[in-house]
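K.L.:
Residues 1 to 448 (full-length UniProt numbering) make up the sequence shown, in order.
I am attaching a structure below and will ask some questions about it afterwards.
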Amino acid sequence: MRSLKLGLFENAQTNASGTATWRHPDSRRHLFDTLGYWQEVARLCEDAKLDFLFLADAWGWSEIAGVRPPIATEETLDLPRLDPFVIASALLASTTDLGLVVTGSVLVEPPYGFARRLATLDQLSGGRLGWNVVTTGTADTAVKAFGMDMVAHDDRYAMAEDFLDLVYKYWEGAWEPDALEKDKAGRFADPAKVHPVEHDGPYFRSHGYGNTARSPQGTPVLFQAGASPAGRRVGGRHGECMFVGSGSVEQLAGHAKAIRAEAVRAGRKADEVKVMSAFSCVVGATTADAERRWQRILDAQRPEVTVASYAMFTGLDLSSYAPDTPMTELSTEMSQTQVARFAGKTVDDVLADWHTHGVGARPVVGTAEEIADEICALAEGADLDGFLLSPTVQPASTVEFVESVLPILRERGAFRGEYADGESLRERLTGSGDRALPASHPAARHRH
Numbered sequence: 001m002r003s004l005k006l007g008l009f010e011n012a013q014t015n016a017s018g019t020a021t022w023r024h025p026d027s028r029r030h031l032f033d034t035l036g037y038w039q040e041v042a043r044l045c046e047d048a049k050l051d052f053l054f055l056a057d058a059w060g061w062s063e064i065a066g067v068r069p070p071i072a073t074e075e076t077l078d079l080p081r082l083d084p085f086v087i088a089s090a091l092l093a094s095t096t097d098l099g100l101v102v103t104g105s106v107l108v109e110p111p112y113g114f115a116r117r118l119a120t121l122d123q124l125s126g127g128r129l130g131w132n133v134v135t136t137g138t139a140d141t142a143v144k145a146f147g148m149d150m151v152a153h154d155d156r157y158a159m160a161e162d163f164l165d166l167v168y169k170y171w172e173g174a175w176e177p178d179a180l181e182k183d184k185a186g187r188f189a190d191p192a193k194v195h196p197v198e199h200d201g202p203y204f205r206s207h208g209y210g211n212t213a214r215s216p217q218g219t220p221v222l223f224q225a226g227a228s229p230a231g232r233r234v235g236g237r238h239g240e241c242m243f244v245g246s247g248s249v250e251q252l253a254g255h256a257k258a259i260r261a262e263a264v265r266a267g268r269k270a271d272e273v274k275v276m277s278a279f280s281c282v283v284g285a286t287t288a289d290a291e292r293r294w295q296r297i298l299d300a301q302r303p304e305v306t307v308a309s310y311a312m313f314t315g316l317d318l319s320s321y322a323p324d325t326p327m328t329e330l331s332t333e334m335s336q337t338q339v340a341r342f343a344g345k346t347v348d349d350v351l352a353d354w355h356t357h358g359v360g361a362r363p364v365v366g367t368a369e370e371i372a373d374e375i376c377a378l379a380e381g382a383d384l385d386g387f388l389l390s391p392t393v394q395p396a397s398t399v400e401f402v403e404s405v406l407p408i409l410r411e412r413g414a415f416r417g418e419y420a421d422g423e424s425l426r427e428r429l430t431g432s433g434d435r436a437l438p439a440s441h442p443a444a445r446h447r448h
């Protein structure tokens with residue numbers, strides 16, 4: 001059994017993944033706006049030796065026909081949120097090994113300032129930072145807040161290529177790794193190893209010197225999700241960890257194969273991209289007990305929230321279509337993944353499915369042994385490198401997984417024990433023994 005990589009998915013808001021389970025008595029996510037909540041979650045992850053804490057983010061909000069429905073506010077579906085960069089910064093002092101992955105959008109972030117912010121976090125964390133590259137699936141509402149015009153789906157991925165090329169120049173080429181000498185009897189830095197950046201791309205321009213020196217990893221570990229052809233192409237070229245949704249062994253195997261094929265097409269090795277699936281579970285003493293626990297979670301959510309939630313991700317108001325409308329007849333410039341995943345389904349099917357788990361993974365409901373069996377079967381059958389754990393009720397779901405499922409995975413050799421001393425996030429996830437990106441990655445061509 002391969003040794004799996006495990007991260008915990010979190011959202012800096014009360015609800016996650018388009019569901020609204022905050023009313024459940026075991027949920028403490030309504031305390032997301034307190035530092036104590038995040039310190040508790042980070043401690044849980046680090047004590048369990050998880051690889052990273054993944055902080056998702058979105059700039060948009062739910063609208064139906066241009067109007068924000070009251071239920072979105074009543075159930076705190078999408079707003080308010082906190083900035084994941086600030087949360088990650090606040091957790092640096094209370095963690096020593098846990099990877100911290102922040103979500104940043106190429107659509108709304110200014111590249112030069114963004115490069116400095118991530119380099120700062122990678123520096124202060126000692127090389128524990130990852131960046132979840134997003135093109136903002138909720139772009140339709142987000143662009144209004146930024147005073148921008150809507151950008152078509154595939155054009156956003158073209159923007160991502162230009163954005164990445166620019167920040168690589170600052171992370172990899174502006175300051176050479178040994179430019180800083182910090183010699184009080186000599187000099188602080190070697191001018192010959194500090195280089196100006198000249199970038200005139202189709203979307204972004206920047207001319208100047210890097211505001212920060214090279215951080216421990218140079219480029220933070222690059223995460224990405226996306227099942228559209230454009231998303232896979234960018235992920236295969238740039239991604240180090242690619243996330244795919246939940247599904248059957250056959251579906252996940254197809255995703256993994258396609259992503260690795262894109263990496264090879266881009267001149268990289270297939271195993272340079274680690275493929276991780278979303279995974280959620282409800283643990284019970286017996287299968288029947290787990291089913292009862294799952295039903296209580298579903299009962300905590302108002303059914304009316306589903307239409308607003310789906311609209312937030314896709315811009316599509318499913319209540320305006322006949323229940324038997326095939327999803328293949330619908331299209332969007334927002335998150336195409338959340339339309340494509342329902343190919344062969346009807347609008348009514350989607351509403352029923354979305355109510356149970358939204359954009360996240362459909363939970364595996366059963367005993368700890370049954371859940372461990374499913375994790376191992378998916379990993380082996382679909383050629384997966386790991387899983388992004390998506391809790392249904394937080395932090396109770398994480399505690400249950402750590403205390404009951406994780407020990408079984410360790411017994412089977414499916415998850416390692418202690419952290420390695422001084423290991424960067426890239427070294428841990430790739431097993432390369434190198435903090436820097438490999439020479440086959442497109443960022444490497446900007447090095448001197």
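Where a beta carbon is used, it is the ideal one built from N, C-alpha and C, also for glycine.
Just so it is clear, the structure is predicted and the values come from calculations on it, not from any experiment.
Which residue or residues does DSSP assign as beta-bridge partners of residue 449?
P.N.:
There is no way to answer for residue 449, as the model of the chain reaches only from 1 to 448.
K.L.:
Between the region 279 to 296 and the region 359 to 378, do three or more beta carbon pairs fall short of 8 Å?
P.N.:
A contact exists between the region 279 to 296 and the region 359 to 378.
K.L.:
Would DSSP call G235 helix, strand or coil?
P.N.:
Along the sequence shown, one-based indexing puts residue 235 at 235. G235 falls in the helix class under three-state DSSP.
K.L.:
By DSSP's criteria, S105 is part of a beta bridge. Which residues make up the other side?
P.N.:
Stepping through the sequence shown from its first residue, residue 105 is reached at position 105. In the DSSP output, where bridge partners are listed per residue, S105 has V134.
K.L.:
Only counting the same chain, and skipping five residues up and downstream in sequence, which positions put a Cβ closer than 6 Å to that of R362?
P.N.:
Counting from 1 along the sequence shown, the entry for residue 362 is found at position 362. So the qualifying residues of the chain are S246.
K.L.:
Where S440 and E250 are concerned, what is the direct C-alpha to C-alpha distance, given to the nearest angstrom?
P.N.:
Here residue 440 refers to the residue found at position 440 of the sequence shown. Here residue 250 refers to the residue found at position 250 of the sequence shown. Going from the Cα of S440 to the Cα of E250 covers about 29 Å.
K.L.:
Going by beta-carbon coordinates alone, are F163 and F223 separated by less than 8 Å?
P.N.:
The residue labelled residue 163 in the question sits at position 163 within the sequence shown. The residue labelled residue 223 in the question sits at position 223 within the sequence shown. In this structure, F223 does not lie closer than 8 Å to F163 by Cβ.
K.L.:
What beta strand (DSSP E) runs, 3 residues minimum, are completely inside the region 233 to 311?
P.N.:
Segments of the beta strand (DSSP E) lying fully in the region 233 to 311: 241 to 244, 274 to 279 and 281 to 283.
K.L.:
If you run the structure through DSSP and keep just helix, strand and coil, what is A115?
P.N.:
Counting from one through the sequence shown, the residue named residue 115 turns up at place 115. Three-state result, A115: helix.
K.L.:
Could you check the C-alpha separation between H207 and T34 for me, to the nearest Å?
P.N.:
For the purposes of this step, residue 207 is taken as the residue at position 207 of the sequence shown. For the purposes of this step, residue 34 is taken as the residue at position 34 of the sequence shown. If I take the Cα positions, the gap works out to 39 Å.
K.L.:
With distances taken Cα to Cα, identify the nearest neighbour of T21 among E75, A263 and V244.
P.N.:
For the purposes of this step, residue 21 is identified with residue 21 of the sequence shown, where counting begins at 1. Nearest option by C-alpha distance: E75.
K.L.:
Can you give the Cα-Cα distance for G236 and A266, rounded to whole angstroms?
P.N.:
Working through the sequence shown from its first residue, we reach residue 236 at position 236. Working through the sequence shown from its first residue, we reach residue 266 at position 266. Their backbone Cα atoms lie some 7 Å apart in a straight line.
K.L.:
Starting from Q224, follow the beta strand (DSSP E) in both directions and report where the run begins and ends.
P.N.:
In the sequence shown, the residue the question calls residue 224 occupies position 224. Its beta strand (DSSP E) spans residues V221 to A225.
K.L.:
Just verifying my parser: in three-state terms, what is the DSSP assignment at W59?
P.N.:
On the sequence shown, residue 59 is found 59 positions in, with the first residue counted as 1. Three-state DSSP puts W59 in coil, outside helix and strand.
K.L.:
Based on the DSSP secondary-structure assignment, which residues constitute the bridge partners of A72?
P.N.:
Your numbering for residue 72 matches position 72 in the sequence shown. Note: A72 sits in no beta bridge, so no partner.
K.L.:
On the DSSP bridge list, what partners appear for S27?
P.N.:
To locate residue 27, count along the sequence shown from 1; it is residue 27. Paired residues: P395.
K.L.:
Quick one, which of D190, W171 and K182 has its alpha-carbon nearest R214's?
P.N.:
In the sequence shown, the residue the question calls residue 214 occupies position 214. Checking every option, the nearest Cα to that of R214 belongs to W171.
K.L.:
Classify K169: buried if its beta carbon has 16 or more other beta carbons within 10 angstroms, exposed otherwise.
P.N.:
Within the sequence shown, the letter at position 169 stands for residue 169. So K169 ends up on the buried side.
K.L.:
By Cβ distance, which residues of its chain are closer than 8 Å to A261, with the 5 residues on each side in sequence left out?
P.N.:
Your numbering for residue 261 matches position 261 in the sequence shown. The residues are G236 and A270.
K.L.:
Would A263 and A382 be called neighbours here (beta carbons separated by less than 8 Å)?
P.N.:
Within the sequence shown, residue 263 is the residue found at index 263, counting from 1. Within the sequence shown, residue 382 is the residue found at index 382, counting from 1. Contact flag unset, no.
K.L.:
Count the other C-beta atoms from every protein chain shown that fall within 10 angstroms of the C-beta of G412, then say buried if there are 16 or more, exposed otherwise.
P.N.:
In the sequence shown, residue 412 corresponds to position 412, counting from 1. It should be noted that the sequence gives Arg, not Gly, for residue 412. It counts as exposed.
K.L.:
Expressed to the nearest angstrom, what Euclidean distance is found between the alpha-carbon atoms of G231 and G104?
P.N.:
For the purposes of this step, residue 231 is identified with residue 231 of the sequence shown, where counting begins at 1. For the purposes of this step, residue 104 is identified with residue 104 of the sequence shown, where counting begins at 1. Spanning the two alpha carbons is a distance of roughly 16 Å.
K.L.:
Beta-carbon separation of G18 and S309 under 8 Å?
P.N.:
Translated into the one-based positions of the sequence shown, residue 18 becomes position 18. Translated into the one-based positions of the sequence shown, residue 309 becomes position 309. Contact flag set, yes.
K.L.:
Just checking, does the region 106 to 124 make contact with the region 140 to 153 on the three C-beta pairs under 8 Å criterion?
P.N.:
Touching, yes.
K.L.:
Output the boundary residues of the alpha helix (DSSP H) element that contains F163.
P.N.:
Counted from its first residue, the sequence shown places residue 163 at position 163. H153 to Y168 is the extent of the alpha helix (DSSP H) around F163.
K.L.:
Any contact between the region 305 to 324 and the region 282 to 290? By contact I mean 3 or more CB pairs, one from each, below 8 Å.
P.N.:
Contact fails: fewer than three Cβ-Cβ distances are below 8 Å.
K.L.:
Would you call the region 88 to 95 and the region 119 to 135 in contact, with 3 or more CB pairs under 8 Å?
P.N.:
Yes: at least three Cβ pairs fall under 8 Å.
K.L.:
So is R156 buried or exposed if we call it buried at 16+ other beta carbons inside 10 Å?
P.N.:
Reading the sequence shown from its first residue, position 156 is the one you call residue 156. By the neighbour-count rule (16 or more Cβ atoms within 10 Å), R156 is buried.
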